[in-house]
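Notes follow once the structure below has been shown.
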Amino acid sequence: MKIAGTWPGISRWALAFVAAPLLLAGCSSSDSAKSGKSRSGEKTSHTLQIAMMPKLVGIDYFNAVQQGAQEAAKEIGANLIWDGPVSADVSKQIEMLDTWIARKVDVIAVAPNDPNALSPTLEKARKRDIKVITYDADSTPESRDYFVNQATAQSIGYSLVDEMAEQIGGAGEVAIVTGSMTADNQNQWIAQMKDRMVAKYPDMKLVTVKPSEEDQQLATQVTQDLLKAYPDLKGVFGITSVAFPGAALAVQQAQKSGQVAVVGLATPKAMKEYVENGTVKTVILWNPVDLGYLTVQLAGKIGNGDNISDSFKAGRLGDVQVSGTQVLLGEPMKFNKENISQYNF
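Under the working numbering, the first residue of the sequence shown carries the number -9, and numbering increases by one thereafter.
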């Protein structure tokens, strides 16, 4: 340390004596809670910074994801930054991610609104030694380290169609209300739904797929329009946690509860009233609390430089299987009148 001069009343030697402990103090972190690894492989004392972004904030589904994420962050002693856009806007996601990259967080976990549009930003993060996880929806494989998949696209797509077939007798016109036409996970589910209909339910006819842009009022309006455009419609799929309650409300308001089946993906809390009044028989979903928990558990492992092979210990979830760069939460769950009150998310 070069000392340019002295302070009034303090000798050069005294100043050096005061400065030495300050230099030493600057080499450590007083609030560190985790042990990470430096690039040379040496252990360093560091509180892991995990920045996690939903597709949008303020809806029940991602509120539940946040709950699980905070639980896991507390367990592993990490600092969780949770933030996202107020609408399903990929450009806003990019802006916020750029801020996190500039802050040099350790791990970014994001649910992309558009896999292709977000990928260059995620690739930039990786080039700057930030670990990247996608969850709920994936980006391009080269833009992330791992994808935490809530359930396989096939299991989700097949579960939705099988449930609809049971309710409408396997035949009739059906429509899909999705979130965004660019959402990769939803497009994969739709592809599997179409395959299932063709292979197992040839008398089930998909008349259209309409977006609702993760806006519940728009989902209600879209479903109202579908009921008018297709008077023989037997069922409506709402395949996001916003589209499903929006579609259910439209069917209820049209006084077609029990006549037009409504099947989809949403949190039990959002669908409870529609299940109890008979508009919806079954809600299909994984546990979003567990999805957030698993994502942060994985972030802790890779952020601290741990090797991930074919499985890893994920806290209360136990051993979780890994296939390549995909981590699978499990099979979808079903909620109905008998069990929906047991879940508070």
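All C-beta atoms, glycine included, are put in the ideal place defined by N, C-alpha and C. Remember, predicted model here, so these are calculated numbers, not experimental data.
In three-state terms, what does DSSP make of A165? strand
Which of helix, strand or coil does DSSP assign to N69? strand
Just to confirm, are V312 and S299 a CB contact at a threshold of 8 Å? yes
Give the secondary structure of Q287 by DSSP, where H, G and I count as helix, E and B as strand, and everything else as coil. helix
Flag this pair as touching only if the region 157 to 171 and the region 117 to 130 have three or more C-beta atom pairs under 8 Å; answer yes or no. no
Could you pull out every unbroken alpha helix (DSSP H) segment of at least 4 residues lying fully inside the region 121 to 209, listed in chain order? 143 to 158, 174 to 190
For T89, is the classification buried or exposed, using 16 other Cβ atoms within 10 angstroms of its Cβ as the cut-off for buried? exposed
Excluding the 5 residues preceding and the 5 following K82 in the sequence, name in chain order all residues of the same chain whose CB lies nearer than 6 Å to its CB. P75
Tell me whether the region 238 to 254 and the region 315 to 322 touch, counting them as touching only if at least three CB pairs, one residue from each stretch, are closer than 8 Å. no
Write down every uninterrupted run of the alpha helix (DSSP H) in the region 234 to 321 whose length is 4 residues or greater and which is fully enclosed by it, in chain order. 258 to 266, 278 to 293
In the DSSP assignment, what residue or residues form a beta bridge with G228? V167, G254
Tell me the rounded alpha-carbon separation between Y333 and Q243. 26 Å
So, are the CB atoms of T92 and G290 less than 8 Å apart? Checking the sequence shown, residue 92 turns out to be Ala, not Thr. The answer is no: Cβ separation not under 8 Å.
When you compare the CB positions of A107 and V80, do they come within less than 8 Å of one another, or not? yes
Beta-carbon proximity check, V151 vs M187, cutoff 8 Å: yes
Give the secondary structure of L223 by DSSP, where H, G and I count as helix, E and B as strand, and everything else as coil. strand
Is there at least one non-hydrogen atom of the ligand COA closer than 7 Å to the beta-carbon of V317? What this structure holds is no ligand at all, so the ligand COA is not there to describe.
Measuring straight from C-alpha to C-alpha, what distance separates T37 and A78? 31 Å
Which residue's Cα is closest to the Cα of A141: G169, Q57, I274? I274
How about the region 189 to 200 and the region 166 to 181: do they share at least three Cβ pairs that are nearer than 8 Å? yes
Using 8 Å as the threshold, is the C-beta distance between T285 and A143 below it? no
DSSP puts M42 in a beta bridge; with which residues? W72, A99
What did DSSP end up calling F52 once you bin it into helix, strand or coil? helix
Within 10 Å of its beta-carbon, does N267 have 16 or more other beta-carbons around it, so buried, or fewer, so exposed? exposed
I71 beta carbon less than 8 Å from that of Q39: yes
Under 8 Å between the Cβ atoms of G236 and T213? yes
Helix, strand or coil: how does DSSP classify K324 here? strand
Quick check: what's the CA-CA separation for N326 versus K117? 46 Å
Where the alpha helix (DSSP H) containing Q332 begins and where it ends: First-last for Q332: undefined, no H or E at that position.
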